[in-house]
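One structure below.
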Amino acid sequence: MSVFSITDKATGKADGTLTKGKNAEIKGTYIKIDGDNPKNGIVFKNLDNQNEVKLAKDSIVINEPSRVLILVPSDLEAGNYELSITTQSSKGSILLKEPRTETLNTPITIV
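Written out as structure tokens, the structure reads:
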């Protein structure tokens with residue numbers, strides 16, 4: 001599992017800047033959100049105050065093994081964030097027993 005990049009679909013930029021209330025595309029390998037563990041999903045962690053915001057399931061627009069399209073929450077506080085994906089997805093249709101988490105190595109800036 002690897003997370004390669006995130007692109008703000010409103011601006012087309014892949015510099016880590018995301019627009020609230022707009023779509024963002026995450027690219028990687030084996031990043032499809034799958035499995036029934038409550039930890040599974042996408043989390044924005046505010047780097048200033050350490051608050052975590054888990055993305056609602058209905059904010060995941062496209063959920064594919066190498067591409068996930070999300071709706072950035074419009075009520076997300078502006079600032080710097082760490083984005084992580086937790087899933088039980090693996091090759092084919094086999095789910096892992098325990099979820100694994102991968103964090104994007106570029107900080108996210110919400111504007």
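Position one of the sequence shown corresponds to residue 1 (the UniProt record's numbering), numbered consecutively onward. All residues carry an ideal CB built from backbone N, CA and C; glycine is no exception. For clarity, every value in this text was computed on a predicted model and none was experimentally measured.
(1) Using the Cα positions of Pro73 and Arg100, report the straight-line distance between them to the nearest angstrom.
(2) Since Tyr81 sits in a beta bridge, which residues does DSSP pair it with?
(3) For the segment 45-65 against the segment 2-17, are there 3 or more C-beta pairs whose distance is under 8 Å?
(4) Going by DSSP, what residue range makes up the beta strand (DSSP E) through Leu71?
(5) For Leu71 and Leu96, I'd like the C-alpha separation in whole angstroms.
(6) Comparing C-alpha positions only, which one of Ala78, Gln50 and Asn51 sits nearest to Gly21?
(7) Tell me which residues share the same chain as Glu52 and place their Cβ nearer than 6 Å to its Cβ, disregarding the 5 neighbours each side in the sequence.
(8) Any idea which residues DSSP pairs Ala24 with across the strands?
(9) Could you check what DSSP says for Lys57 in three-state terms: helix, strand or coil?
So, to answer that:
(1) 23 Å
(2) Asn46 and Ile108, per the DSSP bridge assignment.
(3) no
(4) Element bounds for Leu71: Arg67 to Leu71.
(5) 26 Å
(6) Ala78
(7) Excluding sequence neighbours, Glu52 sits near Val43 and Lys45.
(8) Asp8 and Ile70
(9) helix
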